[in-house]
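Undergrad:
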Amino acid sequence: MAEMKLITGKDAIRDALIEEMKRDPKVFLLGEDLEQATFGVTDGLIEEFGSERVRNTPISENAIVGAAIGAALTGMRPVAEIMFADFLMDAMDPIVNTMAKARFMTGGQAKVPMVIRTPSGAGLSAGAQHSQSPEALFMHIPGIKIAVPSTPYDMKGLLKTAIRSDDPVLFFEHKMLYYEGGDVHVGDYTLPFGKADIKRKGKDITIVAVLAMVKKALLAADMLAADGIEVEIVDPMTLNPLDMETIIGSLKKTKRLMTIEEGARTGGIGAEIAARVAEEALDYLDAPIKRLGGRDCPIPFSPVLEEAMYPTEDSIAAAVKQMLG
Amino acid sequence: MDKKFLLGLYETMFRIRTFEEEVKKQFEDGNIPGFIHLGSGQEAVSAGACAAIKPDDNIGSTHRGHANLIAKGGRTDRMMAELFARETGSCKGRGGCLHITDMSVGSLGANGIVAAGIIVANGAALSAKLQHNNKVVLTFFGDGATNQGKFHEAMNLASLWALPNVFICENNLYGEATPLAKHMKIKDIAVRAKAYDMPGVVVDGQDVLAVFDAVTEAVKRAREGKGPTLIEAKTYRFHGHHIGDPETYRTKEEVEEWMEKRDPIKLFKAKLLKEFKVNASDIDSIDKKILKEIEDAVKFAAQSPTPDPSNLTENVYA
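Chains as they are written, first to last, in my numbering: chain R, 5 to 329; chain C, 845 to 1162.
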């Protein structure tokens, strides 16, 4: 058995960055305020690796993503940080029109081995422009791999895979998971993209949840277990590629499917999963699919209102009971 | 100056012109689909600039990118096949005019999005710095691109990090269908360099030697680690923004005057004969060679297979 240690999410990310930078001199970091380290992820990395490899940038998201693309096209493996996922919108052009398409539109001449890491999600009363969960937006863009880790163990293993990937990867780090603890392997390990992880086994209903919603689903599952309801929780780990095989395998057993995400329900992750299940596995379902998610509303500042935006363990448990009749 | 070098500049410009005029004909004959943006009239900028760098240096390019790529050494047969949307094209028919690229000669790619290539070119320059390989990047863009936020973000970052990136504005006086005076208040785009504490140089974009000299100096500065330069080459496109552009924004007389008096190839040919005492027969044999090359490129393109739809989704991912 490999040695384990208990660390926070932010330190799991940090460990992955440190280990990958030590392993491969082509890996370097760039982003805003990396020196001060907004959420602590890049704490001390300039001291360790120097300001050539850990590059503090101006507040210029287009220039950051563009520079990462250009560096990736010419032999480097950049890891760019976009300080808040909301700021990805500033750089939509290089992300969508260049990063995602360079390999394809050059007929395979280009490769773009880069990662954009970005803190997403609500919970800090940060308001409508610092709290969004825009993962699903990027599922609509062919050419971008998307990682959505929910535990420190997954964060470290998936980030290493992302950095070693020859495709561009958008790596979402939910802010509320940065300070949650979890066991990780000491030293090197990777986790595959496109392989869902069953976070809890059960026979009565399949819940597909991502990022911070995995923990809420687990809490709801504990509550439901007291009533004799066994919930199976599938964490897809990556949205592109999306492991429909594991999701469908689970619902063949449970006959029921619920999806939970933090982003807006409309056009969301659950919408895509529900559509694919409707196409590929409708006959296995004994009940309509239930999608839980953020309300179709910008994210409010008020903590009371912010809490009302999202599924909670109580609302998840109630929705499960309703589905099971 | 070395005659071989001078004839080389002429050859590049004549290759670009012949290619572009043949593309226009092939498009009008229905052999090329899509939107085509021609660079006739702007040959001296690409030819002069690319003569100032080495084969393993990189260039960033634009929607009007054929000239940039030819000057960097792109093969005209594979480029023609790309425009014909054939499997033998440099991008296997997946890119077309707007995305024409040959990475084997150091092109980072043409771009359908105005100013998109500038920020990417910075990254290649950063790469050179991190790899200590002394490479430089030339970033081509138009006058319209300098009104984009990406241009300003890129200029600031390149200046701050002293990136070996030479910013080359091909100011052809029109941003698509809008004349310069209607899209910016300044007369010389080069003044924008001041805001980023880098040299800003105006050069006659119809004079291939003037372009070569300006870029040579900027490249030297870049290789010495002194950072970027903004070069504004004043030039003119002989055709519309794209083939089929109704060109309501300029007069026929204006275009004819430029073609008559400011054609960079005519100007340079006259200079070669008068000032540099080049034999007319040397120029003629270049012309013959290029005309044959482009004729062969069309044959190659026309005979090449179209892509196989069963391979449609290849190269979306590694």
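Just so it is clear, CB atoms sit at the ideal spot from N, CA and C, and this is done for glycine as well.
1) Report yes or no: do the segment 917 to 927 of chain C and the segment 1013 to 1021 of chain C share at least 3 C-beta pairs separated by less than 8 Å?
2) Which residues in the same chain have their Cβ closer than 8 Å to the Cβ of R/I252, if we skip the five residues on either side of it in sequence?
3) Counting only runs that start and end within the segment 104 to 159 of chain R, where is the alpha helix (DSSP H) found for 4 or more residues in a row?
4) Just verifying my parser: in three-state terms, what is the DSSP assignment at R/T263?
5) Starting from R/N244 and walking both ways along the beta strand (DSSP E), at which residues does that stretch end?
6) Starting from C/C1013, trace the alpha helix (DSSP H) in both directions and tell me its first and last residue.
7) What ranges does the beta strand (DSSP E) occupy inside the segment 973 to 1060 of chain C, keeping only unbroken runs of at least 3 residues that lie completely in it?
8) Can you give me the start and stop residues for the beta strand (DSSP E) that R/D201 sits inside?
9) Curious, which full-length alpha helix (DSSP H) runs of at least 4 residues does the segment 65 to 110 of chain R contain?
10) For C/A1141 and C/N1159, what's the separation of their Cα atoms in angstroms?
11) Using the Cα positions of R/R121 and C/I1127, report the straight-line distance between them to the nearest angstrom.
12) Does the beta-carbon distance from C/I880 to C/V867 come in below 9 Å?
13) Could you work out which residues of chain R lie near C/R1067, taking near to mean beta carbons separated by less than 7 Å?
14) Between R/R280 and chain C, is any beta-carbon pair separated by less than 9 Å?
15) For the 8 Å Cβ check, are there 3 or more pairs between the segment 1103 to 1112 of chain C and the segment 1028 to 1040 of chain C?
16) Whether or not the segment 193 to 207 of chain R and the segment 291 to 311 of chain R are in contact is what I'm after, with contact meaning three or more pairs of Cβ atoms, one per stretch, closer than 8 Å; do they touch?
17) Does the distance from the CB of R/V69 to the CB of R/M25 come in under 9 Å?
18) I want to see whether chain R comes within less than 9 Å of C/W1102, judged by CB atoms only; does it?
19) Any idea what DSSP makes of C/E1104, helix, strand or coil?
20) Please compile the residues from chain R whose C-beta is within a distance smaller than 7 Å of the C-beta of C/T945.
21) Just the Cα atoms here: how many angstroms apart are R/F305 and R/T242?
22) I want to see whether chain C comes within less than 9 Å of R/D37, judged by CB atoms only; does it?
23) I'd like to know whether the C-beta atoms of R/I17 and R/K149 end up nearer to each other than 9 Å.
24) Does the beta-carbon distance from R/I73 to R/V119 come in below 9 Å?
25) Are the C-beta atoms of C/C935 and some chain R residue less than 9 Å apart?
26) Would you decide whether R/D300 is buried or exposed? Buried here means 16 or more other CB atoms lie within 10 Å of its CB.
27) Any idea which residues DSSP pairs C/N902 with across the strands?
28) In the DSSP assignment, find the unbroken alpha helix (DSSP H) run with R/N60 in it and report its ends.
29) Could you say if the segment 845 to 858 of chain C and the segment 218 to 233 of chain R meet the contact criterion of at least three C-beta pairs nearer than 8 Å?
30) Quick check: what's the CA-CA separation for C/G933 versus R/G112?
31) Can you tell me whether C/F849 is buried or exposed, with buried defined as 16 or more other CB within 10 angstroms of its CB?
32) Out of R/P117, R/I86, R/F91, point me to the one whose CA is closest to R/A41's CA.
33) Can you find the residues in the same chain that come closer than 6 Å, C-beta to C-beta, to C/E855, ignoring five residues on each side of it along the sequence?
34) Can you name the residues of chain R whose CB is closer than 8 Å to the CB of C/A968?
35) If contact is defined by three or more beta carbon pairs under 8 Å, each pair taking one atom from either stretch, is the segment 999 to 1010 of chain C in contact with the segment 955 to 971 of chain C?
36) Could you name the residues that DSSP lists as bridge partners for C/K1078?
TA: On the basis of the coordinates in this document:
1) Taking a cut-off of 8 Å for Cβ pairs, the segment 917 to 927 of chain C and the segment 1013 to 1021 of chain C do not touch, as fewer than three such pairs fall below it.
2) For the purposes of this step, residue 252 of chain R is identified with residue 248 of the first sequence, where counting begins at 1. Hits under 8 Å: V281, E284, A285, Y288.
3) Qualifying alpha helix (DSSP H) stretches, in chain order: 106 to 109, 139 to 143.
4) For this step, residue 263 of chain R is matched to residue 259 along the first sequence. Of the three classes helix, strand and coil, the one that applies to R/T263 here is strand, per DSSP.
5) The count along the first sequence starts at 1 and reaches residue 244 of chain R at position 240. Start and end: 242 to 244.
6) Translated into the one-based positions of the second sequence, residue 1013 of chain C becomes position 169. Counting along the chain, C/C1013 falls outside any alpha helix (DSSP H), though it belongs to the beta strand (DSSP E) covering 1009 to 1015.
7) The segment 973 to 1060 of chain C contains these whole beta strand (DSSP E) runs: 981 to 986, 1009 to 1015, 1044 to 1048.
8) By 1-based counting over the first sequence, the position of residue 201 of chain R is 197. 201 to 204 is the span of the beta strand (DSSP E), which, as asked, contains R/D201.
9) Whole alpha helix (DSSP H) segments, 4+ residues: 65 to 77, 106 to 109.
10) Locating residue 1141 of chain C in the second sequence gives position 297, where the first residue counts as 1. Locating residue 1159 of chain C in the second sequence gives position 315, where the first residue counts as 1. Cα atoms of C/A1141 and C/N1159: separation of roughly 26 Å, rounded to the nearest angstrom.
11) Position 117 of the first sequence, counted from the start, is the residue given in the question as residue 121 of chain R. Position 283 of the second sequence, counted from the start, is the residue given in the question as residue 1127 of chain C. R/R121 and C/I1127 have their alpha carbons spaced roughly 56 Å apart.
12) The residue given as residue 880 of chain C occupies position 36 in the second sequence. The residue given as residue 867 of chain C occupies position 23 in the second sequence. Yes.
13) Mapped onto the second sequence, residue 1067 of chain C falls at position 223. Result: empty, since nearest Cβ-Cβ is about 16 Å, beyond 7 Å.
14) The residue you call residue 280 of chain R lines up with position 276 of the first sequence. False, the Cβ-Cβ gap to chain C never drops below 9 Å.
15) By the Cβ criterion, the segment 1103 to 1112 of chain C is not in contact with the segment 1028 to 1040 of chain C, since fewer than three pairs of Cβ atoms, one from each stretch, lie closer than 8 Å.
16) Under the Cβ criterion (8 Å, minimum of three pairs), the segment 291 to 311 of chain R does not count as touching the segment 193 to 207 of chain R.
17) By one-based count along the first sequence, residue 69 of chain R stands at place 65. By one-based count along the first sequence, residue 25 of chain R stands at place 21. Against a cut-off of 9 Å, the Cβ pair of R/M25 and R/V69 comes out as no contact.
18) Here residue 1102 of chain C is taken as the residue at index 258 of the second sequence, counted from 1. Taking 9 Å as the CB threshold, C/W1102 stays off the interface with chain R.
19) Here residue 1104 of chain C refers to the residue found at position 260 when the second sequence is read from its first residue. Residue state for C/E1104 is assigned as helix, using DSSP reduced to three classes.
20) For the purposes of this step, residue 945 of chain C is identified with residue 101 of the second sequence, where counting begins at 1. Those within 7 Å of C/T945 in chain R are T110, Q113.
21) To locate residue 305 of chain R, count along the first sequence from 1; it is residue 301. To locate residue 242 of chain R, count along the first sequence from 1; it is residue 238. Each residue's Cα considered, the two are about 29 Å apart.
22) Reading the first sequence from its first residue, position 33 is the one you call residue 37 of chain R. Chain C has no Cβ within less than 9 Å of the Cβ of R/D37.
23) Translated into positions along the first sequence, residue 17 of chain R becomes position 13. Translated into positions along the first sequence, residue 149 of chain R becomes position 145. Taking a C-beta distance under 9 Å as the contact criterion, R/I17 and R/K149 do not qualify as a contact pair.
24) Reading the first sequence from its first residue, position 69 is the one you call residue 73 of chain R. Reading the first sequence from its first residue, position 115 is the one you call residue 119 of chain R. Using a Cβ distance threshold of 9 Å, R/I73 and R/V119 do not count as a contacting pair.
25) As a working mapping, residue 935 of chain C is identified with position 91 in the second sequence. Yes, contact with chain R.
26) As a working note, residue 300 of chain R is residue 296 in the first sequence. Burial call: exposed.
27) Stepping through the second sequence from its first residue, residue 902 of chain C is reached at position 58. C/N902 is bridged by DSSP to C/V981.
28) As a working mapping, residue 60 of chain R is identified with position 56 in the first sequence. Premise fails: R/N60 lies in the beta strand (DSSP E), 58 to 61, not in any alpha helix (DSSP H).
29) Per the Cβ contact rule, the segment 845 to 858 of chain C is not in contact with the segment 218 to 233 of chain R (fewer than 3 Cβ pairs under 8 Å).
30) Looking up residue 933 of chain C in the second sequence gives position 89. Looking up residue 112 of chain R in the first sequence gives position 108. Across the structure, C/G933 and R/G112 are spaced so that their CA atoms are roughly 12 Å apart.
31) The residue you call residue 849 of chain C lines up with position 5 of the second sequence. Classification of C/F849: exposed, given that the 10 Å Cβ count is below 16.
32) Stepping through the first sequence from its first residue, residue 41 of chain R is reached at position 37. When each option's Cα is compared against that of R/A41, the closest is R/I86.
33) Within the second sequence, the letter at position 11 stands for residue 855 of chain C. Only residues of its own chain outside the window of five on either side were considered, and among them I1130 have a CB closer than 6 Å to the CB of C/E855, listed in chain order.
34) The sequence position of residue 968 of chain C within the second sequence is 124, counting from 1. Contact note: C/A968 reaches chain R through G74, A75, L77, T78, using a C-beta cutoff of 8 Å and chain order.
35) Cβ pair count under 8 Å is three or more, so yes.
36) Taking the second sequence and counting its residues from 1, the one referred to as residue 1078 of chain C is at position 234. DSSP output for C/K1078 lists C/N1015, C/D1048 as bridge partner(s).
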